[in-house]
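**Q** Just dropping this structure here.
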Amino acid sequence: MARMPDDDLIIRTARSEDERELAVLNHAAWSVLSDVSPQPAVEDPIFDERHAPEHYLLAVLDSRIVGYVRQVPPTPLASNRHVRQIQGLAVDDTVRGRGVGRRLVEAACAAARAEGARKMTLRVLGWNAPARRLYESCGFVVEGSLAEEFLIDGRFVDDVWMARGLTD
Numbered sequence: 034m035a036r037m038p039d040d041d042l043i044i045r046t047a048r049s050e051d052e053r054e055l056a057v058l059n060h061a062a063w064s065v066l067s068d069v070s071p072q073p074a075v076e077d078p079i080f081d082e083r084h085a086p087e088h089y090l091l092a093v094l095d096s097r098i099v100g101y102v103r104q105v106p107p108t109p110l111a112s113n114r115h116v117r118q119i120q121g122l123a124v125d126d127t128v129r130g131r132g133v134g135r136r137l138v139e140a141a142c143a144a145a146r147a148e149g150a151r152k153m154t155l156r157v158l159g160w161n162a163p164a165r166r167l168y169e170s171c172g173f174v175v176e177g178s179l180a181e182e183f184l185i186d187g188r189f190v191d192d193v194w195m196a197r198g199l200t201d
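Just so it is clear: in the sequence shown, position 50 is 83 by our numbering, and no numbers are missing.
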C-alpha cells in the first residue's frame, strides 16, 4: 500500500464531540495481538477522568478519524514529570501500512517534548511484532521485559517495555 502524502492527513487533538467515532475505531481496532483487556463495546465511553480528550492525538483523513495515540504522564509523581507514556495506539485497517501509525507516534513524541518531557515510554506485548517494528523504527529501544506477564487466549505473553529519549 502506498504512503499517503503528508498534506492529506491531519493530526489534531481530540475534542469531546469525537467520542462516538473514537469508540467505533477503538472497538474495531481491538485485537488479541495488542490488547490485554476484553474488547470494548461500541457504546463504552472513551473519555473519563483518566482519559481526557487532550490526551489523544487523532489522525484525520477526509474528515474521518483513522487513528489515534494517547500519551500521558505514567504516574502523578513530581519526580516522574519528565516522562510521558504512550497508552494506546490504533489505526483503522483501511489505512494500515500507509504511515499513519508512524505519524501518530512522532506527533505524540513532539507534543511530549513541547510539554518539557525528556523521555517517552510504552508497553507492548512481546508477540506484537508489527507494533514492535514500528516503535523501533521510531527510535524506541527495549528497556526491559516482564516474562509471561499476561495470559491471553491460553498463551503466556511477555510485557515489553520500550523507551525513546526526547532530547537532542
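Idealized CB from N, CA, C, for every residue including glycine.
Specify the secondary structure class of residue 91 as computed by DSSP and reduced to three states.
**A** Here residue 91 sits in strand by DSSP.
**Q** Short of 6 Å in beta carbon distance, which residues of its chain neighbour residue 52, apart from the five on each side in sequence? Order them along the chain.
**A** Contacts found: 79 and 80.
**Q** Along the beta strand (DSSP E) that carries residue 182, what are the first and last residues, could you check?
**A** 174–185 is the extent of the beta strand (DSSP E) around residue 182.
**Q** Counting pairs of Cβ atoms below 8 Å between the region 96–114 and the region 64–71, do you hit three or more?
**A** No, because fewer than three Cβ pairs between the region 96–114 and the region 64–71 fall closer than 8 Å, the two stretches do not touch.
**Q** Along the chain, which unbroken stretches of the alpha helix (DSSP H) at least 4 residues long are found entirely within the region 72–152?
**A** Runs found: 133–147.
**Q** Quick one: Cα of residue 84 to Cα of residue 107, how far?
**A** Spanning the two alpha carbons is a distance of roughly 12 Å.
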